[in-house]
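K.L.:
Protein chains in written order, with full-length UniProt numbering: chain A, 1 to 210; chain B, 1 to 210.
Protein chains: 2
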Amino acid sequence: MLQELKEAYGFIFEDDLIEEIGEVGSLQQVAAGEKIIEIGDYVKMMPLLIEGAIKIMREDKDGDELLLYFLERGDTCAMTLSCCLGQTKSEIRAIAERDTKLIMIPIEKMEEWTSKYKSWRDFVFESYHARLNEMLETIDTIAFMNMDQRLMKYLQDKAKINQNEVIAATHQQIAYDLHTSRVVISRLLKKLEIDGRIKLQRNSIEIMEL
Amino acid sequence: MLQELKEAYGFIFEDDLIEEIGEVGSLQQVAAGEKIIEIGDYVKMMPLLIEGAIKIMREDKDGDELLLYFLERGDTCAMTLSCCLGQTKSEIRAIAERDTKLIMIPIEKMEEWTSKYKSWRDFVFESYHARLNEMLETIDTIAFMNMDQRLMKYLQDKAKINQNEVIAATHQQIAYDLHTSRVVISRLLKKLEIDGRIKLQRNSIEIMEL
DNA sequence: AGTTCTTTGTAACCCTTGTTACTGTACAAC
DNA sequence: GTTGTACAGTAACAAGGGTTACAAAGAACT
Chain A
1 MLQELKEAYG
11 FIFEDDLIEE
21 IGEVGSLQQV
31 AAGEKIIEIG
41 DYVKMMPLLI
51 EGAIKIMRED
61 KDGDELLLYF
71 LERGDTCAMT
81 LSCCLGQTKS
91 EIRAIAERDT
101 KLIMIPIEKM
111 EEWTSKYKSW
121 RDFVFESYHA
131 RLNEMLETID
141 TIAFMNMDQR
151 LMKYLQDKAK
161 INQNEVIAAT
171 HQQIAYDLHT
181 SRVVISRLLK
191 KLEIDGRIKL
201 QRNSIEIMEL
Chain B
1 MLQELKEAYG
11 FIFEDDLIEE
21 IGEVGSLQQV
31 AAGEKIIEIG
41 DYVKMMPLLI
51 EGAIKIMRED
61 KDGDELLLYF
71 LERGDTCAMT
81 LSCCLGQTKS
91 EIRAIAERDT
101 KLIMIPIEKM
111 EEWTSKYKSW
121 RDFVFESYHA
131 RLNEMLETID
141 TIAFMNMDQR
151 LMKYLQDKAK
161 INQNEVIAAT
171 HQQIAYDLHT
181 SRVVISRLLK
191 KLEIDGRIKL
201 QRNSIEIMEL
């Protein structure tokens, strides 16, 4: 575990802190598609992302969903951070986008490290900063872009996060992420295919040029 | 200044910190409608809101605007916080919604206080937490609500923040905040008036029941 | 009072997106 | 093979909301 930890966080954290993380953190493996945090959960551990990717979803009372953003190696979930510090319920759902390795830290350590390690403090602030910016980008997307543009951005993001030009997803799944209907996605995807920007197969979409 | 500072923040900050703030902070008065921060500004001071209210706006490259949220007494701008710590440009615009009193803190103190005062650390974390939640609420609003619901929420929020059942605004101004057109707002407002929920006057809207 | 500017009301129209419904096709299970 | 199910394509229609255009009403100024 220490080896992976150093690879992902070695440039950020002091050696002392890395060592402490190694002592109190527990390595967790999560398979793609598995749920990590559900809305309303009380969060007792803070995850550090070592490998893989996580997708963060929002849901309203009617069950309507929306993809907020993806997390990658080196990220932590600032929403969870927030919950840990405030001891409140999770406002979001976290689902493994790929097979993912996490180190889970007991929240008691949070407070301690915050006063003890400058690098930890900086990391927490930097995480908040990054997440606020992700949220801003999400707002830009849904407020200022049309569905066709949003779909293109989604395909790009998803290809990047999965490091694969072929996206494994059904039209229905995409529709859930973008909070629209399957028919709309099929329609727009077909148009993208006609324009030669993607190739459609069953259960997958190949990106040609976007 | 110390008196006002204590009233707004006395329950949060230690006495030592209050005193330090008094020494290095400078009181600023901003009239309603005045701009406090513009997009792209490098922020060199961090504002603590003593009195009044500030509205935080987002704008995209085409000049389309959107109201993100309001700040009230006891709040600070986490986006600015973010900018200060990261030394990056502001992503948002801040405009005084009412006559407003601020205490401006030089950012050099941020780092210092963060390690020195636990109450300051907690305040900063709590600010991030609050702002993330505001952003989530904003996302919920634009993603899951129709324009009529958004308009009602806007009127409620605006009445609350101005502590006045009569909202001073033209239809055009509302349209800018909600990123829609004047005609749409006029249409929906008229419907609300017919339903007996508001009363329309020139340049103002009186809320009856929402 | 007359002129001008700002604000509001409203109609007509269009585009995007959401909905319903039905068809065809791939794929797995039997 | 046949059957069943999930997925995708498409048409037709409805609704929300954005656009254009014009009229009417206040307010401000002369």
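Where a beta carbon is used, it is the ideal one built from N, C-alpha and C, also for glycine. This structure is a prediction, so every number in the text was calculated from the model and none was measured.
Grab me the residues of B/H179's own chain with a C-beta within less than 7 Å of its C-beta, minus the 5 sequence neighbours each way, in chain order.
P.N.:
Here the set comprises D64, E65 and L66.
K.L.:
For B/Y69, which of helix, strand or coil comes out of DSSP?
P.N.:
Of the three classes helix, strand and coil, the one that applies to B/Y69 here is strand, per DSSP.
K.L.:
For the pair the stretch 66-75 of chain B and the stretch 28-37 of chain B, tell me if three or more CB-CB distances fall below 8 Å.
P.N.:
no
K.L.:
Suppose you measure from the CA of A/G40 to the CA of A/I194; what does that come to, to the nearest Å?
P.N.:
43 Å
K.L.:
Determine the contact status of B/V124 and B/L68, defining contact as a CB-CB distance below 8 Å.
P.N.:
no
K.L.:
Might you give, ordered along the chain, the residues of its own chain that have their beta carbon closer than 8 Å to the beta carbon of A/A8, omitting 5 neighbours on each side?
P.N.:
L48, L49, I50, E51, R73 and G74
K.L.:
Where does A/S181 sit, in a helix, a strand or coil, going by DSSP?
P.N.:
coil
K.L.:
Around the Cβ of residue 217 of chain A, are there at least 16 other Cβ atoms within 10 angstroms (buried) or fewer (exposed)?
P.N.:
Look at the range of chain A in this structure, 1 to 210, and you will see that residue 217 of chain A is not part of it.
K.L.:
Distance, Cα to Cα, B/L27 vs B/I103?
P.N.:
Cα to Cα, the separation comes out at about 5 Å.
K.L.:
Return the CA-CA distance between A/L192 and B/V184, expressed in angstroms with no decimal places.
P.N.:
31 Å
K.L.:
Around the Cβ of A/V43, are there at least 16 other Cβ atoms within 10 angstroms (buried) or fewer (exposed)?
P.N.:
buried
K.L.:
Can you list, in chain order, the residues of its chain with a C-beta nearer than 8 Å to that of B/A130? Leave out the 5 residues immediately preceding and following it.
P.N.:
D75 and A78
K.L.:
What is the DSSP secondary structure of A/Y42, counted as helix, strand or coil?
P.N.:
strand
K.L.:
What residues in its chain sit with their C-beta under 8 Å from that of B/T114, if we drop five residues either side in the sequence?
P.N.:
W120, R121 and V124
K.L.:
Using 8 Å as the cut-off, can you tell me whether the stretch 159-177 of chain A makes contact with the stretch 162-180 of chain B, which would need three or more C-beta pairs spanning the two stretches below that distance?
P.N.:
no
K.L.:
Once the 5 residues before and after A/D99 are set aside, which same chain residues still bring their CB inside 6 Å of it?
P.N.:
A31, A32 and G52
K.L.:
What does A/I12 touch in chain B if you count any residue whose Cβ is under 7 Å from its own?
P.N.:
What A/I12 touches in chain B: nothing, since even the nearest Cβ is about 14 Å away.
K.L.:
Could you check whether A/I142 and B/I56 sit closer than 8 Å to each other, using their CB atoms as the reference points?
P.N.:
no
K.L.:
Under 8 Å, Cβ to Cβ, is there at least one residue of chain B near A/I42?
P.N.:
With the sequence shown as reference, residue 42 of chain A is identified as Tyr, and Ile is not the correct amino acid for it. Output row for A/Y42: interface = no.
K.L.:
Excluding the five sequence neighbours on either side, which residues of its own chain have a C-beta within less than 6 Å of the C-beta of B/L2, listed in chain order?
P.N.:
G22
K.L.:
Can you pull the chain A neighbours of B/D60, defined as C-beta to C-beta under 7 Å?
P.N.:
D140 and F144
K.L.:
Considering only residues of the same chain and omitting the five flanking positions on each side of B/M145, which have a CB-CB separation below 8 Å?
P.N.:
K153
K.L.:
If you draw a straight line from the alpha carbon of A/M45 to that of B/M110, how long is it in whole angstroms?
P.N.:
28 Å
K.L.:
Hey, how far is the Cα of B/E126 from the Cα of A/Q149?
P.N.:
35 Å
K.L.:
Does DSSP classify A/K199 as helix, strand or coil?
P.N.:
A/K199 falls in the strand class under three-state DSSP.
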